[in-house]
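Sequential numbering of the sequence shown, starting at 234, is according to this note's numbering.
To keep things clear, I will list the structure first and then write my remarks on it.
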Amino acid sequence: MSAELLDTDIASRMYIDAGELVRVRVEADEFRDDGQGPPKMTEGVQVRQEPRRARAVSDYSELGLGNVSWWNASQEEDAEGDVLMEE
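Written out as structure tokens, the structure reads:
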């Protein structure tokens with residue numbers, strides 16, 4: 234962990250819990266289609282772990298990204314539905 238994070242006040246830290254909605258920016262994506270077709274009858278039934286076929290590299294360290302609850306807690310809407318940030 235970064236020394237800066239360890240020096241922050243515990244009450245002001247923001248965490249991401251399992252199941253929470255997070256906004257991210259996808260930086261790269263990879264797809265692999267190396268399927269080998271159905272197994273041959275002579276091989277019988279085999280259990281094997283499938284490799285990942287897709288991978289996405291993302292970042293949430295920019296303004297407006299991260300846990301949605303962080304942003305919803307600091308935003309209000311005016312009468313016209315525009316989002317106002319608290320200062």
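Heads up, the beta-carbon is just placed ideally off N, CA and C, and yes, glycines get one too.
The DSSP-derived three-state label of residue 245 is helix. In the DSSP assignment, residue 251 falls outside any beta strand (DSSP E), carrying neither H nor E.
For residue 237, no beta strand (DSSP E) run applies; the uninterrupted alpha helix (DSSP H) run containing it begins and ends at 236-240, by DSSP. Residue state for residue 290 is assigned as strand, using DSSP reduced to three classes. Bounds of the beta strand (DSSP E) holding residue 259 are 258-264.
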